[in-house]
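Novice:
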Amino acid sequence: MVRRVRRLARRLYERVLERELGGVPAHVAVIQDGNRRYADRKGAGTAVGHRAGAETTEAMLDWCAELGIEELTLYAFSTENFERPPEEREELFDLIEDKLYQFADDEKVHEDEVRIRAIGQLDLLPARVREAIEYAETRTADYDSQYLNVALAYGGRAQLLGAARDLAGAIEDGRLASDDIDVAAVEARLAERPARAVDLIIRTGGDERTSNFLPWHANGNEAAVFFCAPYWPEFSRVDFLRAIRTYQSRQESWRRTRSERALALASAVGADRPLVRRLTEKVGDLPELEVDVEAEGEEAESELLAD
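First residue of the sequence shown: 6, per our numbering; consecutive thereafter.
#1: Taking the beta carbon of Asp110 as the centre, do at least 16 other beta carbons fall within 10 Å, making it buried, or is it exposed?
#2: Please classify Leu291: does DSSP put it in a helix, a strand, or coil?
#3: Work out the CA separation of Val114 and Tyr80 for me, nearest whole Å.
#4: Does DSSP classify Arg120 as helix, strand or coil?
#5: Within 8 Å, do at least three Cβ pairs link the segment 179–189 to the segment 147–164?
#6: For Asp38 and Arg208, which I take to be in contact (beta-carbon distance under 8 Å), what is that distance rounded to the nearest angstrom?
#7: Which residues in the same chain have their Cβ closer than 6 Å to the Cβ of Ala234, if we skip the five residues on either side of it in sequence?
#8: Tell me the rounded alpha-carbon separation between Thr84 and Ile36.
#9: Would DSSP call Arg180 helix, strand or coil?
#10: Can you have a look at Arg170 and say buried or exposed, based on whether 16 or more other CB atoms are within 10 angstroms of its CB?
#11: Where DSSP assigns a beta bridge to Ser83, which residues make up the other side?
#12: Using DSSP with H/G/I as helix, E/B as strand and the rest coil, what is Arg94?
#13: Return the residue from the list Arg56, Gly28, Gly50 that minimises the CA-CA distance to Glu239.
#14: Among residues of its own chain, excluding the 5 on either side of Pro292, which ones have a beta-carbon nearer than 6 Å to its beta-carbon?
#15: Cβ of Leu72 within 7 Å of any heavy atom in the ligand NAP?
#16: Could you check whether Ile249 and Ala34 sit closer than 8 Å to each other, using their CB atoms as the reference points?
#17: Are at least three pairs of beta-carbons, each pair with one atom in the segment 176–184 and one in the segment 49–65, less than 8 Å apart?
#18: May I have the straight-line CA-CA distance separating Glu139 from Glu96, to the nearest angstrom?
#19: Which residues does DSSP pair with Thr78 in a beta bridge?
#20: Please classify Leu157 as buried or exposed, where buried requires at least 16 other C-beta atoms within 10 Å of its C-beta.
#21: Quick check on Glu41: does DSSP put it in helix, strand or coil?
#22: Just to confirm before moving on: does the CB-CB distance between Ala355 and Ile74 stay below 8 Å?
#23: Under a three-way DSSP split, which group does Glu102 fall into?
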């Protein structure tokens with residue numbers, strides 16, 4: 006009876022959170038932490054924790070599809086994971102290989118047109134895992150409705166270092182001039198994986214750090230970050246909705262900050278009250294500012310409204 010009441014309460018709370026959603030991030034990245042601690046708490050081997058975490062991964066992909074989230078990146082195996090005991094590494098490689106083949110052949114993946122891609126230093130992985138990656142990528146290569154990026158043998162600094170070396174090589178052999186190095190040139194060296202900047206990073210398991218995950222795509226975009234206590238196998242849809250609420254709060258804070266700056270600039274350049282009203286209509290409810298001077302130039306007005 007108690008469990009039934011708890012399940013009902015959770016479903017009701019989930020609906021409340023869904024109703025509060027005013028928008029969702031386009032790209033969510035997840036640091037799936039806590040599989041081993043989950044297994045330890047259950048008194049089981051690490052393989053039990055990793056397989057339980059894989060079930061959450063499957064559910065997460067479904068949640069993203071339901072909510073219209075276009076891209077999901079999962080931190081499945083970091084470069085630091087190579088330091089784990091050999092038997093645990095083999096368990097992880099077995100699981101990753103199995104899940105890549107499973108996802109690649111899943112009817113729902115093809116119905117939803119999910120493109121599967123791997124990112125990281127893939128040459129460090131066993132041949133059997135690389136073959137599974139190639140199979141999954143080939144099977145889903147023509148899809149673009151949703152993206153699932155699996156970070157394997159991944160390290161953010163290594164990714165940036167590789168891009169820097171590629172740029173240096175291009176300059177040395179004359180394919181690129183130093184003046185040509187800009188944001189677009191760096192992004193081109195980071196490939197099309199991920200396809201877009203990260204809007205929200207989620208880390209489970211209680212630790213509050215981003216572990217060098219997608220530094221260019223996340224830090225450069227000032228992504229919202231959601232840390233939570235549940236281990237990855239315990240991460241629920243309610244937790245995911247809470248994470249999205251964190252993203253929404255961050256977006257609202259950005260809008261307020263931009264609005265306040267725009268109005269302050271309008272006041273500074275002597276904009277009149279009609280301009281402030283038009284700015285208010287453009288960006289939403291804004292705090293009122295005292296504007297003392299009549300408009301002194303159409304150029305300032307057009308710049309503000311075009312922002």
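Beta carbons are placed, not taken as given, at the ideal position from N, Cα and C, and that holds for glycine. As the structure is a computational prediction, the values presented were derived from the model and not from experiment.
Specialist: According to the data block:
#1: Asp110 is exposed by the Cβ-count criterion.
#2: Low per-residue confidence applies at Leu291: pLDDT is 44, beneath 50, and the placement is therefore not dependable, though the value from the model is reported in the following sentence. Note: Leu291 maps to coil in three-state DSSP.
#3: Going from the Cα of Tyr80 to the Cα of Val114 covers about 19 Å.
#4: Arg120 sits in a strand when the DSSP states are folded into three classes.
#5: Output reads no: the segment 179–189 does not touch the segment 147–164.
#6: Yes, they are in contact, since the Cβ atoms of Asp38 and Arg208 sit about 6 Å apart, within 8 Å.
#7: Sequence-distant partners of Ala234 (beyond 5 residues in either direction) whose C-beta falls short of 6 Å from its own C-beta, in its chain, are Gly211.
#8: Answer to the nearest angstrom: the Cα atoms are 14 Å apart.
#9: Three-state DSSP puts Arg180 in coil, outside helix and strand.
#10: So Arg170 ends up on the exposed side.
#11: The beta-bridge partner set that DSSP reports for Ser83 consists of Tyr159.
#12: In this structure, DSSP gives Arg94 a helical state, which the three-state scheme calls helix.
#13: Nearest of Arg56, Gly28, Gly50 to Glu239, Cα basis: Arg56.
#14: For Pro292, the pLDDT reaches just 43, beneath the cut-off of 50, and the residue's location in the model is therefore unreliable, leaving the point undetermined.
#15: Among the components modelled here there is no ligand, and therefore nothing to report on the ligand NAP.
#16: No Cβ-Cβ contact shorter than 8 Å links Ala34 with Ile249.
#17: Judged by Cβ distances under 8 Å, the segment 176–184 makes no contact with the segment 49–65, as fewer than three pairs qualify.
#18: So the alpha carbons of these two residues sit roughly 20 Å apart.
#19: Beta bridge pairing from DSSP links Thr78 with Ala34, Asn154.
#20: The residue in question, Leu157, is buried, as its Cβ has 16 or more Cβ neighbours within 10 Å.
#21: Going by the sequence as given, residue 41 is Arg instead of Glu. If DSSP states are grouped into helix, strand and coil, Arg41 belongs with the helices.
#22: Any question about residue 355 goes unanswered here, given that the chain covers just 6 to 312.
#23: DSSP places Glu102 in helix when its eight states are reduced to three.
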